[in-house]
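S.K.: Have a look at this one.
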Amino acid sequence: MTGHYEFKAIKVNQPFSDYYICSIPSHLLKEISFSLKAVNNRGEVQGVQRTLNPKRLKEIGLFIDSDSAAFPNSIILGANFMPNGRYADPENKVEFVQTDDNAYTIKVPKGSKLLSIIDGQHRLYGFDHATTQMDLSCSIYEDLAMPYQAFLFSTINYTQGKVDKSLAYQLFGYEIDSSEPIEWPPETLAVHFVRKLNQRKPLLGRVKYRTADEMHLDAAQRKELPPWRLSTAAIVEAILSLLSRDPKRDRYEMNTKSASGGSIEGRSVLKDDKEYPLRKFYIEGNDKAIEDVLNLALEATNEIFWEDSQPDNFLTKTVGIACIFKYLRQVLRVHGASQKTMKETFPELLRSIKATEDFNDSNTYPASTKGLSAALKRMIDLSNLPEPSKNKT
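Put into structure tokens, the structure is as follows:
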């Protein structure tokens, strides 16, 4: 199925994060959304919010078919993270296009599953037990990483007394009260690193974390923001590409084994995968080694490419960051994840690339999947590295 569904929306600014309010027909929302599955404290797989209650669904179905049917509260959704926990393909993602001062058009690929249901699954799945279809009010968060979706879900339901706060986080696989990083699933660790990276150069102030972080800035301070910036989701996905083939499966595995009462808990239940060069560090809990690789990679990229690049340089785009990390992944596969690789080999390879290619030509390297493929191939060829495997990243 090709093409997009388009929904008119307005943008709402709030401290936690901006979001968009729109109306989506119930049958279309079923097509383009999904309910995240997670593991509860007994190791059982169930819906993110709470187990779907068949009796309640039938009651909601009867209500939908009645003359009193009304759902004024919004279905709350997160856009652009897929059911497996990975970020959506840049060429096949939900787009938020500004059309006027505070008017937007949300474009959702037909047949996609790119809207995760943060809250409201019973209302939506109640339509399976009804003949009536209707428009539903939806609040959609753009590129909200999974740990933040967990926070939002717990805030909504805990403050309303619907579920226990720690249970809310456990359902997502992000234990709010856990003080042990060894229990963090890949997404949580990635978000942890992103927040640290945003506090130091070269990414200082470049990561758009959430609205509250910038609400206090006046016009002059906003002018001082870096000329190019990246979303939290883009950096989270880049880091995950070095750690995990399937973050959701890792999260399930960790929670299920932990809930079963086994002696082996946390990341140590996971298996290594040579395609993901920092995974061994992750399983061993060697977060310092992962952080060192990230810092050294970003410092080298900044020194060699970013510092003197043109404002519209390909490597400063979201797809450019993805390209850098895909290239880094291949370097680590070939040369190993070591201090020598990161302090000597990686910078030397980047310098050899820069001597021939600066990636300033937007015609050759557009901000798209096509541009990413072209840039990555160019970097690989100029470095005399073997072609990356075709495994999904």
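Residue numbering for the sequence shown follows this note's numbering, beginning at 1 and increasing consecutively.
For every residue, glycine included, the Cβ atom is placed at its ideal position computed from N, Cα and C.
1) Report the three-state DSSP secondary structure of Val97 (helix, strand or coil).
2) Rounded C-beta distance between Ser116 and Phe34? I'm assuming under 8 Å.
3) Can you find the residues in the same chain that come closer than 7 Å, C-beta to C-beta, to Phe96, ignoring five residues on each side of it along the sequence?
4) Name the residue from Lys288, Asp292 and Asp250 whose alpha carbon lies nearest to the alpha carbon of Asp272.
5) State yes or no: is the C-beta of Ile64 within less than 7 Å of the C-beta of Leu136?
6) If we call anything under 7 Å between Cβ atoms a contact, is Ile436 one with Ile32?
7) Check Ala9 in the structure and name its three-state DSSP category.
8) Going by CA-CA distance only, name the one from Lys196, Leu382, Glu91 and Met254 that's closest to Leu298.
9) Hey, is the segment 225-237 in contact with the segment 83-97, meaning 3+ C-beta pairs nearer than 8 Å?
10) With respect to 6 Å, is the separation between the Cβ of Glu59 and the closest non-hydrogen atom of the ligand SAM below this value?
11) Compare the C-alpha of Gly205 against each of Pro147, Thr188 and Lys223 and name the closest.
12) Quick check on DSSP: helix, strand or coil for Asp246?
13) Looking at C-alpha atoms only, which residue of Gly266, Arg245 and Leu62 is the closest neighbour of Glu183?
14) In the DSSP assignment, find the unbroken alpha helix (DSSP H) run with Lys288 in it and report its ends.
15) Indicate the three-state DSSP secondary structure (helix, strand or coil) for Asp119 in the structure shown.
16) Say whether the segment 322-330 touches the segment 368-382, bearing in mind that this needs 3 or more beta-carbon pairs closer than 8 Å, one atom from each stretch.
17) Where does Lys107 fall in DSSP's three states?
18) How would you call Leu225, buried or exposed, if buried means at least 16 neighbouring beta carbons within 10 angstroms?
19) Out of Ala9, Arg200, Thr364 and Tyr125, which one is the CA nearest neighbour of Asn302?
20) Let me check understanding here. Comparing Cα to Cα, which of Leu29, Arg279 and Ser383 lies closest to Arg245?
21) Opposite Ser33 in the DSSP bridges: which residues?
22) What do you get for Asn73, buried or exposed, if any count of 16 or more other CB atoms within 10 angstroms of its CB means buried?
23) Would you decide whether Phe346 is buried or exposed? Buried here means 16 or more other CB atoms lie within 10 Å of its CB.
24) On the criterion of 16 or more Cβ atoms from any shown chain inside 10 Å, does Arg351 qualify as buried, or is it exposed?
25) Could you check what DSSP says for Glu142 in three-state terms: helix, strand or coil?
26) Give the DSSP-derived three-state secondary structure of Asp135 in the structure shown.
27) For my contact list, Lys11 and Asn102 are in at a C-beta cut-off of 8 Å; report their separation, rounded to the angstrom.
M.R.: Let me spell this out:
1) Under the three-state reduction of DSSP, Val97 is assigned to strand.
2) Confirmed, about 6 Å.
3) Correct list, in chain order: Tyr20, Tyr104, Ile106 and Glu142.
4) Across the set Lys288, Asp292 and Asp250, the C-alpha of Asp250 shows the shortest separation from the C-alpha of Asp272.
5) No, they are not a contact pair.
6) What the structure shows of the chain is the stretch from 1 to 393, and residue 436 is not part of that stretch, so it cannot be assessed.
7) If DSSP states are grouped into helix, strand and coil, Ala9 belongs with the strands.
8) Comparing Cα positions, the closest option is Lys196.
9) Yes, the segment 225-237 is in contact with the segment 83-97.
10) You won't find the ligand SAM in this model; it holds no ligand whatsoever.
11) Of Pro147, Thr188 and Lys223, the smallest CA-CA separation from Gly205 is found for Lys223.
12) Asp246: coil per DSSP, three-state reduction.
13) Per the Cα distances, Gly266.
14) Boundaries of the alpha helix (DSSP H) harbouring Lys288: Asp287 to Thr301, taken from the DSSP string.
15) Note: Asp119 maps to strand in three-state DSSP.
16) Taking a contact to require three or more Cβ pairs closer than 8 Å, the segment 322-330 and the segment 368-382 qualify as touching.
17) Three-state DSSP puts Lys107 in a strand.
18) By the 10 Å Cβ count, Leu225 comes out exposed.
19) Taking each of Ala9, Arg200, Thr364 and Tyr125 in turn and checking the Cα distance to Asn302, the smallest one comes out for Arg200.
20) Distance check between Arg245 and each of Leu29, Arg279 and Ser383 places Arg279 closest, using alpha-carbon atoms only.
21) As a beta-bridge residue in DSSP terms, Ser33 pairs with Leu115.
22) Burial check for Asn73: the Cβ neighbour count within 10 Å stays below 16, so the residue is exposed.
23) The residue is buried, with at least 16 neighbouring Cβ atoms inside 10 Å.
24) Here Arg351 is exposed, its C-beta having fewer than 16 other C-beta atoms within 10 Å.
25) Strand.
26) Here DSSP, grouped into helix, strand and coil, assigns Asp135 to strand.
27) Cβ-Cβ separation between Lys11 and Asn102: approximately 6 Å, consistent with a contact (criterion under 8 Å).
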